[in-house]
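Counting from 983, one number per residue, gives the positions in the sequence shown under my numbering. Virtual Cβ for every residue (Gly too), placed ideally from N, Cα, C. Report on one structure; see the data block that follows.
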Amino acid sequence: MNDQTLLIVDLEATCWGSRHAPDRTPQSIHNMEIIELGCVLASRPGEVLDARSFLVRPTRNPLLSDFCTELTSITQSMVDAAPTFPEVIQTMNLWLADLSSEFVWCSWGNYDRLHIEAQSQLDGVKPAMLTYPHLNLKRIWRRTTGQKKKNGLAHALAFHELAFEGAHHRGVDDARNISRLLPFMDWSLERELQTPPSQFPLNQ
């Protein structure tokens, strides 16, 4: 990996049509469990170098709701056969072992960062990417284009006359589509918009 390499992450998580977990508490990053980490390594000009889907087996609410399966196309058998979140993070850390000191990881909005931080704390793991700055690509895209309201991924693609490719709400496909927007970013804004590495304590 060189200094131009970015990691784009898009996650999918357990969810319910009622927006409440089985214990009737409102769904949030504290009770929704990650079931996929879609990852794309790309250059800032938008060249995709690698793409991977890391499926995750939820352990607190292991049964996916019908709503979740319909939304993400991730089935119960897929997550039943997947490793747990700590195991996936270990695999991801090995995959990302050769990182440049200038490495930056990204997502479309801040939700993915906040959810990964929350579940990492809960499970006592330390994703290597959290020790590097994060860039909210939605924010830099908004600053670049001046678009304030319609800034979801589908709207951003449509703004550039791009059709969504793959299955929406599959992490790896969403991440691939986010990478298609990289050529339209004003990268001179990057430094001021970066979020510093996570500061909370994590187990090694």
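Contact fails between the region 1054-1065 and the region 1121-1141, because fewer than three Cβ pairs, one in each stretch, are under 8 Å apart. With 16 or more neighbouring CB atoms inside 10 Å of its own CB, Asn1013 falls in the buried class.
Taking the CA atoms as reference points, Asp1105 sits about 20 Å from Tyr1114.
Taking C-beta atoms under 8 Å as the contact rule, Glu1099 and Thr1054 fail to qualify, at a distance of about 21 Å. With fewer than 16 neighbouring CB atoms inside 10 Å of its own CB, Gly999 falls in the exposed class. When rounded, the separation of the alpha-carbon atoms in Ile1017 and Arg1162 is 24 Å. Between the alpha carbons of Arg1042 and Thr1007 lies a gap of roughly 13 Å. Counting the other CB atoms within 10 Å of its CB gives Ala1003 a total of 16 or more, which places it among the buried residues. Using a Cβ-Cβ distance cut-off of 8 Å, the region 1072-1084 and the region 1164-1174 are not in contact, since fewer than three pairs of beta carbons, one from each stretch, lie closer than that value.
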